[in-house]
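This note's numbering puts the first residue of the sequence shown at 39, with every later residue one more than the last.
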Amino acid sequence: MGDLSVDFDALRLSVFTKAIKISSSVDRVTLGPDSTSPPRSPVEISSENNRNSTNISPPRPTKSPGSKQKPGITFSIEKIRHENEVLRREEVLKAVDKRKKDMEAFLQRLQREKESMRVELAARREREMEAEKAKQDAEERRFAQQDELRRRHEAQLQAQRFQERQERMAKEANEHRRLKEHEECLQKIVGCRARFTENYTDIARIMTSMKNKNAIASIVGPFTSRLKEFSVRIDGLIEGGKAGGLTSNDVAAAEKVLREADEVFVACREEVNRINEEWARQEQEALMQSSGGHGGPGGSCGDPGENSGSTGETPVGSGGQGGTLERHSDGVDGGHLEKSPESLDSNRAQGRVERVESVESVPEGKGLDATVDVKAIQVYLNSKNFVERYQETFKGLDQVDPDWRHRKDCQRKLNILIKRISFGGIPLSEVFKKFLESFQGKGAMEMAFAMNLVAETIVDEVEGYAEQKFRRIYALAAIVVALWSQYADFGNLVLSYLHIKCPYTVPVVMPRFQGQSDEDFWSSRGYTYPDGTREDEALFFKRMEKLMRFYAAIITTKLPKGVIPCHPHGLGNAWTWLATILNTQPRADAIEIYPKLIKVFLEATGHSMLLCYPNQFKKMLRVLAQDYYSLLVQHSGDSNFAISPLKDFLTDVIGKGVIAPPEGQLSGNFWWGT
C-alpha cells in the first residue's frame, strides 16, 4: 500500500511537471467534457470525412441528450500549482535543513580545526619563544665574550701605548740631552773657530803694519800650509756638526787644533816683532848716518809714511767700505756715527746669529768692490744658516708625528692666534698669554717647531698686509717684542726671516758671486719668483717698504713697564742701521731702493730718535741731506726722480726740526686693550 501511494505520488508529480511544461502552449481545455477541439483545415476535415480503414470506428451507443457523465478525477491547474509549491517548499525545507546540518557540521569541523590550529600555534609560539630566548642567551654570551676580549685588547693597547710613551719620552729625553750636548759642543767649536779667525785677523793686521813688506812672504810661507790645515780641520768639525752627533771628543779635537794654531800664531807674532825691531834699528842707523850722527830729541824720528796733517775729510763710519765724506763746519765727525751717543750695545740685536758668525763664510768670487760691506754680507749669510740649523732641531718630529696630525693641530691653533693680533679686538696682553701657554709645556722639538712657525708666519703676514694697515703691523711688532724678551731664539728667528726676505734690514745689497744664477742672485736681493718669473719692481718696492716698516716698528715699540725687563732690540739698532748705510757707498744697480727705504725708515723711527738723541740725530740728518745725498746723485745717473722724495723729506724735517709720529703707531694703554 505504501508503495502504491509512492508510485501514485510519483505519477502525479510527473503529470504535474509535464502539465506545467505544456501549460504555456495550451490555451484551452483539451481533456474532459469541457474540452474543445482545435480548429481544423478544410483538407483535414475532408479527409476526416473520408471513410477508410483508419477512421472506421465501431458504432457507439446512442446516448440520450439529457444524460451526462462526470469523470471520477478532476484536474485543476491551481491545485496542481499549489501542490507543486507545497512540494517545492518541502524540498526547499529539506534542502535548507540539509544545508543547515551541513553548515553546522562544517562549523563544528571548522571549530575543531581552529582549536587544533590554536593549540598548534600556541605550541609553535612557545617553541619560537624558547628558541628566541636561547638565541638571546647565546647573543648575550657572545657579547660578553666580545666585551671581555675587547677589554683585554684595550688593556693590552693601553699597556702598549704606555710603554711606547715611556720609550718615546726616554728617547726624547736622550735626544734632548744629545742635542743639548751637541749644541754645547758646537758652540765650543764655533768659539774655537772664532778665536782662530780673530788670531788670523790679528796676524793679518800685524802683517799689513810691517815696515819691511818684502819680509812678509818669508814669514807667512812656513805657516801658510799649517794654518790652512787648521782652518780645514775646524771647518770640517763644524760641517760635520751640522748633521748632529758632536761629542766631547770633537771639542777636544777642536781645542787641540786651536792650541796648535795658537802656537803658530805666537811664533808668527814673535817673528813679526823681531823683523819690525830689526827694521826699526836699521832705519835708526840709516837716519843717524844721514844726519851725521847729530840726531837728537828735536829731530824727526817718526815714520816717513805717517801724515801728521789733517786732510779735512773723514769717513762716515769706521766700518765703511766706500769713499769719504767731508767734515761739517758744526764738527760732525762721521766716524762717531757708527754707535749711538750712549754707546748702546747694538750688537745684542744679532743674538745667537752673531755667535755663529764664522760658520758660513762669505763666498769667494769676483765683484766684491768698495760698495760691498763684507760684515753685512756675513750677517745675511749667518741669518740663513741660523734658520737652517734651527729647522734641523725639530726634524725628529717626522718620526714622532709622521702624519703631521699633531703639527697640523698646533699650526691651526697658532694661525688663529696670529689672526687675532690686532688693535681694538682682543687685548694684546691676552694674546701674549695665549702664546706663552702654547710655547710652555712642550718638548724641545715641539717648542722649536711652534716658535719657528710663529716667527715665519708673522713675517709672511706682514708681506700680505695692505699698505694702510700700519696699526696691524705695530700690533704684530708689540707681540714680537714681548715674546722676544722671553725667548731669545724667537727674536733671532724673526730677525733672520726679515734679513732673508728683506736683506735691506741688515742693511746689505747682495753682490753677484762668481757662478751664481740669475734667480739665486735676485733672490738674495729679496725678489720672489711667484710664477717662475721675477716679480714686478713696483710690487717688490711695496713689499720691501712693508718689511722695513715692520722692522722699524719692532725697534720703536715700547711696552708698558713690568711687561718686559728691557727692550731686546731697541733704538740703538736704528742708529746702527743708519750708520751702516752712511758707511757704505750706494750701488748704482740698486740706486732706487736706497732712498725709498731710508725715507720709510726715517718716517718710522725718526720721531723716537729725535726724542732720544736730539742733537746727534739732527747732525746725522744733515749728513744724509748733504753728503750722502751727493753720493746718491753721483751714482743715480738718470734716476734722480727716485731720490727726490728723500731730499724733500730731509729738507722739510731739517727746516721744521720735528718729525711726526709714524702713522699707525700704538698709543695709550694699548697693551691692555684700552
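Yeah, the Cβ is synthetic: ideal placement off N, Cα and C, and Gly gets one too.
Fair warning: this is a prediction, and the values are worked out from it, not measured in the lab.
Leaving out five residues on either side along the sequence, give the residues of the same chain with a beta carbon under 8 Å from the beta carbon of residue i.
| i | result |
| --- | --- |
| Ile115 | Ala57 and Ser61 |
| Tyr667 | Ile681, Leu684, Lys685 and Leu688 |
| Phe54 | Ile118, Glu121 and Asn122 |
| Cys448 | Ser476, Glu484, Phe487, Ala488 and Leu491 |
| Asp383 | With a pLDDT of only 37 at Asp383, under the threshold of 50, the placement of this residue in the model should not be trusted; the figure read from the coordinates follows. Contacts found: Gly610. |
| Leu704 | Phe461, Arg509, Tyr512, Ala513, Ala516 and Thr595 |
Roughly how many angstroms separate the alpha carbons of residue i and residue j, rounded to a whole number?
| i | j | result |
| --- | --- | --- |
| Lys136 | Arg165 | 42 Å |
| Thr431 | Gly274 | 20 Å |
| Gln320 | Ile313 | 10 Å |
| Gly600 | Asn621 | 37 Å |
| Asn490 | Val497 | 11 Å |
| Glu142 | Met155 | 19 Å |
| Gly693 | Asp527 | 42 Å |
| Ser348 | Thr594 | Confidence at Ser348 is low in this model, with a pLDDT of 32, below 50, so the placement of that residue is unreliable and no value is reported for it. |
| Phe708 | Phe551 | 47 Å |
| Lys580 | Tyr632 | 13 Å |
| Leu187 | Gln196 | 14 Å |
| Asp439 | Gln201 | 17 Å |
| Ile464 | Leu455 | 10 Å |
| Phe424 | Lys457 | 27 Å |
| Ala626 | Leu670 | 9 Å |
| Glu129 | Arg147 | 26 Å |
| Cys540 | Gly564 | 5 Å |
| Arg50 | Leu125 | 12 Å |
| Arg445 | Leu435 | 9 Å |
| Gly502 | Leu577 | 11 Å |
Quick one: residues in its chain with C-beta nearer than 6 Å to the C-beta of residue i, no 5 flanking neighbours on either side, listed in chain order?
| i | result |
| --- | --- |
| Arg271 | Val295 |
| Arg443 | none |
| Arg307 | none |
| Leu284 | His220, Cys223 and Leu224 |
| Asn237 | Phe303 |
| Ile697 | Gly644, His645, Leu648 and Val691 |
What span of residues does the alpha helix (DSSP H) with residue i cover, start to end?
| i | result |
| --- | --- |
| Ala576 | Glu575 to Thr594 |
| His673 | Tyr667 to Ser674 |
| His444 | Arg443 to Lys457 |
| Asn420 | Val412 to Glu430 |
| Ile496 | Ala482 to Gly502 |
| Gly610 | Gly610 to Leu620 |
| Pro652 | Pro652 to Val661 |
| Ala516 | Phe508 to Gln524 |
| Trp560 | Asp556 to Ser562 |
| Gln437 | Leu435 to Val438 |
| Val469 | Leu466 to Phe477 |
Can you list, in chain order, the residues of its chain with a C-beta nearer than 7 Å to that of residue i? Leave out the 5 residues immediately preceding and following it.
| i | result |
| --- | --- |
| Val289 | Cys223, Lys226 and Ile227 |
| Pro699 | His645 |
| Pro545 | Ala414, Trp615, Thr618 and Ile619 |
| Phe559 | Arg550 |
| Lys422 | Ile538 |
| Gly702 | Phe508, Arg509, Ile511 and Tyr512 |
| Leu536 | Val497, Thr543, Leu585 and Tyr589 |
| Thr643 | Ala590, Ile593, Thr594 and Ala612 |
| Gly331 | For Gly331, the predicted model reports a pLDDT of 41, less than 50, meaning its position is unreliable; a value from the coordinates is still stated below. Answer for Gly331: no residue qualifies. |
| His214 | Ala482 |
| Ala133 | none |
Please determine, among the options, the residue with the shortest C-alpha to C-alpha distance to residue i.
| i | options | result |
| --- | --- | --- |
| Gly481 | Arg660, Arg147, Lys218 and Glu573 | Lys218 |
| Pro603 | Thr594, Ala520, Glu557 and Glu583 | Ala520 |
| Leu597 | Glu573, Gln429, Phe470 and Gly229 | Phe470 |
| Pro606 | Leu536, His537 and Gln524 | Gln524 |
| Lys637 | Lys584, Glu178, Lys422 and Asn420 | Lys584 |
| Phe639 | Lys457, Asp665, Phe708 and Met582 | Met582 |
| Ile517 | Gly553, Glu468 and Arg147 | Glu468 |
| Lys451 | Gln183, Gln201 and Phe473 | Phe473 |
| Leu562 | Asp569, Pro568, Val547 and Glu575 | Checking the sequence shown, residue 562 turns out to be Ser, not Leu. Nearest of Asp569, Pro568, Val547 and Glu575 to Ser562, Cα basis: Val547. |
| Arg233 | Ala628, Trp522 and Asp300 | Asp300 |
| Thr495 | Val532, Ser460 and His673 | Val532 |
| Glu630 | Phe303, Tyr651, His673 and Met167 | His673 |
| Ala292 | Thr239, Arg231 and Ile697 | Arg231 |
>> My parser needs the beta strand (DSSP E) runs of 3 or more residues fully inside the region 287-324; what are they?
In response: Runs of the beta strand (DSSP E) inside the region 287-324: none found.
> Which runs of the beta strand (DSSP E), 3 residues or longer, sit entirely within the region 133-221?
Replying inline: Listed in chain order, nothing qualifies, since the region 133-221 has no complete beta strand (DSSP E) run of 3 or more residues.
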